[in-house]
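Going down the list, the sequences are from chains A and B. Numbering-wise (UniProt numbering), the first sequence opens with residue 1 and increments by one. Numbering-wise (UniProt numbering), the second sequence opens with residue 1 and increments by one. First up is the structure itself, then whatever we jot down about it.
There are 2 protein chains.
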Amino acid sequence: MEQGKPPENGAGADNGGGAAKPARGPGRRLHGAIAHKLGMAILSGQYQPGDTLSGEVAFAEELEVSRSAYREAIQVLTAKGLVESRPKAGTRVLPRNRWNLLDPEVLAWAFAGEPDIQFVRDLFELRAIVEPAAARLAATRRDKEDLRIMKDALTAMRRHTLATEAGRAADRDFHNAILNATRNDALLVLTASIGAAVNWTTQFKQRARALPRNPIPDHVRVYDAIAAGDPVAAAEAMGVLVDLALEDTASTMER
Amino acid sequence: MEQGKPPENGAGADNGGGAAKPARGPGRRLHGAIAHKLGMAILSGQYQPGDTLSGEVAFAEELEVSRSAYREAIQVLTAKGLVESRPKAGTRVLPRNRWNLLDPEVLAWAFAGEPDIQFVRDLFELRAIVEPAAARLAATRRDKEDLRIMKDALTAMRRHTLATEAGRAADRDFHNAILNATRNDALLVLTASIGAAVNWTTQFKQRARALPRNPIPDHVRVYDAIAAGDPVAAAEAMGVLVDLALEDTASTMER
DNA sequence: TCCTGTAATATGTCGGAGTAATTAAGGGAT
DNA sequence: ATCCCTTAATTACTCCGACATATTACAGGA
C-alpha cells in the first residue's frame, strides 16, 4: 500500500472487542443479534413502512454498540429487502411488498412475536397449493431409494408418536423425502423455508392440546399413492394432510 | 465516551471514501458490487459447495478494497445463505440446499451468467403449479377494481404488441393484478421474485424468434373465467398460458 | 489415542475523512 | 407579488485502516 501511515501510534481502540454486553441471544454474532432485534421489531409492525430508523450514530450510542455492528446488521436487513439506506434520508423501512417474506430468517422473525393470523393463513394456502403438487410430481419421479427413506420415516413416526421430538423429526424427514423425489430444487427450497417457520406453530399446537386424530393413516395413504405411481391419488391424499394441519393450527390460534 | 483516546494522531484513513475504483457496476454500492461479483461466481459454479474463499485480508488486498467492504459483502451473502464464515476455518460456500434460491437477487445472479437449464425448468414447473392456483383463487376473491385493472392491461396488450416494452409491461400488470386479487401476500412475493428473473429469459425469447402464436386470446380466456367467477376454468386457462411460455422458452434455450 | 498448547483467522470495535442527497434560502422571471 | 430555478449548507451514510479479542484448526507430546 502506498499511504504514508505514521508508524508511531497506539491509535485505534483501547477497549477492544470483548467488553460488549452478553446480548448474544438469538443471533450467533453481535450484529446478528441486532439484526434479529430490528427484524423482529419491523415484522411485528413496530415500524410502519416508510418510517425512518434512528441514525447510525444515534442508534449505535443508544444500544451501546459500535457503528460497525449496527451497519452490518442493517446490511443484513437490506439484503432481505426490509429496509433501504440512502445518504441524508436515513434508513427507511420498505413497503411490505418489497420484503423477502420467504426468507427463512424473515419467516422466523414473523413467527417470533405473535404471528399475524392472516399471514399464517396465506402460508398455509401456499403450502396447500405446493405440497399436493409436489406429491403429484414425486409419484412419477421417485425411485427405490426415495421410497425406502419415506418408509423408514413412516416407521419412525409409528414408533415415536408425533408428541415427541423424534416423531416430529421423522415427519419432517417424510415430507423432505417427498420434496427430494420431485427433483426440483426450487420446490425443495420453498417448502423448506415455509416448513421451518410453520414448525414453530406446530410446537404451539403440541403444547395447546392433543392431536385431534391419528395422522399416521393419512401419511400412509400418501406413501401408498406415491409408491404406486398414482399422481392424482398422491395429490389428493397430500391435500387431506395439509387441510388437517391448517384446520388444526387455525383452531389453536383462534383461542 | 470514556476511552482515553490519545489526542495526538492523524490515524484513521487518509484517502477516505471516494478514491475507490469505478467498479460500481451492478451493485449500487461498493460492497454491493463485490457481493454481486461473488454471488455470480458462486451461482455460476466457479466455487464448489464446501470450497473456501480467500481469506479476508488476502481477498481484500486482491481486489484492492478495504476489509470493511469485503466484510459487508460477505454479510450479504451470509444473509442469503450462500456462505458461512467461521473463525480459522474461513468463509465456506454452503451446500446448494442452504441457498436462498427464491431471493430476487440470488435469482438475478443465477440468470446473469448462462442460466442452468435444469434450474429454469424447475422454476417454470413451480410457476406452472402456483399461477393456475392463483387464478383459481382470484376467480373467487376478485372485486370490480381488480377486474378493471386486468381489463385495462388486456387493452394495453392489444394496443402495443408483446414485442414492445410497453406490451410486456402490460403483460406483467395483468399477471400482477391476478396475484393481487388472491389477497395472499406470500403468493404475491413468490411470483414477483420468480417473474422478475424469468423476464430475463423472456427478453432472450423476444430476440431469438417471433412469438409462435397470438397470446392475446389465451389471456382473454383467463380474464373471462376470473370475471365469471369460475375457479376451475380460470386455473385451466392459466395452465395453458404457462405451458405455452414453458415450451416456448425451452425450445429457445435448447438451440 | 487423547489431550494440550500454539498459531492462524475471523470477529468486534473505533474514530475519522469523504461523498451524496435532502432541505432551505436567495435571486430572477413572469 | 407569486412562482420557479439555482445555489449553499446541513446531515447521514459510505468507506477506510488499525487494533484487540475470541474461537478454532492443527500439530506435537504424553
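Note that CB positions come from ideal geometry on N, CA and C, so glycine has one too.
Query: Any C-beta of chain A under 8 Å from that of I129(B); Result: yes
Query: Beta strand (DSSP E) segment containing E114(B), residue limits; Result: It is not in any beta strand (DSSP E) - E114(B) carries neither H nor E in the DSSP assignment.
Query: Chain-ordered chain B contacts of D122(A) [CB-CB under 8 Å]; Result: N184, D185, A186 and L187
Query: Cβ-Cβ distance between A60(A) and R67(A) below 8 Å; Result: yes
Query: Touching by the beta-carbon criterion (3+ pairs, under 8 Å), the stretch 189-199 of chain A and the stretch 153-163 of chain A; Result: no
Query: Through-space distance from A245(A) to A139(B), alpha-carbon basis; Result: 25 Å
Query: Alpha helix (DSSP H) runs wholly inside the stretch 39-101 of chain A, at least 4 long, in chain order; Result: 56-63 and 67-79
Query: Cβ neighbour criterion (16 or more within 10 Å) applied to Q75(B); Result: buried
Query: is_contact[E236(A), chain B] using C-beta, thresh 8 Å; Result: no
Query: Proximal residues of chain A, C-beta to C-beta of L43(B) below 9 Å; Result: The contacting residues do not exist; L43(B) stays about 12 Å from chain A at best.
Query: Per-residue contacts from K88(A) into chain B (C-beta, under 9 Å); Result: Those within 9 Å of K88(A) in chain B number zero; the least Cβ separation is about 15 Å.
Query: Runs of alpha helix (DSSP H) lying entirely within the stretch 147-191 of chain A, each at least 4 residues, in chain order; Result: 165-181
Query: Stretch-stretch touch, CB-based, cutoff 8 Å, three pairs: the stretch 111-119 of chain A with the stretch 38-57 of chain A; Result: yes
Query: Three-way DSSP call (helix, strand, coil) for P231(B) in this model; Result: helix
Query: Beta-carbon proximity check, R71(B) vs V242(B), cutoff 8 Å; Result: no
Query: Where D103(B) sits in the DSSP three-state scheme; Result: coil
Query: Of the residues L107(B), N214(B) and K88(B), the one placed nearest H36(B), counting alpha carbons only; Result: L107(B)
Query: Of the residues A69(A), E236(A), K88(A) and L94(A), the one placed nearest K80(A), counting alpha carbons only; Result: L94(A)
Query: Nearest candidate by alpha-carbon position, reference L190(A), set A225(B), A227(B) and L102(B); Result: L102(B)
Query: Neighbourhood of E247(B) by C-beta, 6 Å cutoff - its chain only, sequence neighbours within 5 removed; Result: none
Query: Neighbourhood of L77(B) by C-beta, 7 Å cutoff - its chain only, sequence neighbours within 5 removed; Result: A35, L38, G39 and V83
Query: Partner residues on chain B for Q75(A), Cβ-Cβ distance less than 7 Å; Result: E72, Q75 and V76
Query: Residues near K21(A) in its chain [Cβ-Cβ closer than 6 Å; skip 5 each side]; Result: Interpretation of K21(A) is limited by its pLDDT of 39, a score under 50 that renders its predicted location unreliable; the figure taken from the coordinates is listed afterwards. Within the same chain, K21(A) has no close Cβ partners at all.
Query: Beta carbon of A225(A) nearer than 8 Å to that of A237(A); Result: yes
Query: Separation of R141(B) from R28(A), as counted between CA atoms; Result: 43 Å
Query: Pair within 8 Å by beta-carbon distance, D171(B) and D122(A); Result: no
Query: Per-residue DSSP class, three states only, for R213(A); Result: coil
Query: Through-space distance from A133(A) to F124(A), alpha-carbon basis; Result: 14 Å
Query: L53(B) versus R136(B): straight-line alpha-carbon distance, rounded; Result: 46 Å
Query: Other residues of its chain near D173(A): CB distance less than 6 Å, five sequence neighbours each side excluded; Result: A153
Query: Whether G50(A) touches G90(A) by CB criterion (8 Å); Result: no
Query: Span separating the alpha-carbon of I117(B) from that of E131(B); Result: 21 Å
Query: S85(B) versus R96(A) - alpha carbon distance; Result: 30 Å
Query: Chain A contact residues for L101(B), given Cβ-Cβ distances below 7 Å; Result: D185, A186 and V189
Query: Test item: CB-CB of A177(A) and D146(A) under 8 Å; Result: yes
Query: Buried versus exposed call for V240(B) [16 or more other C-beta atoms within 10 Å across all chains shown]; Result: exposed
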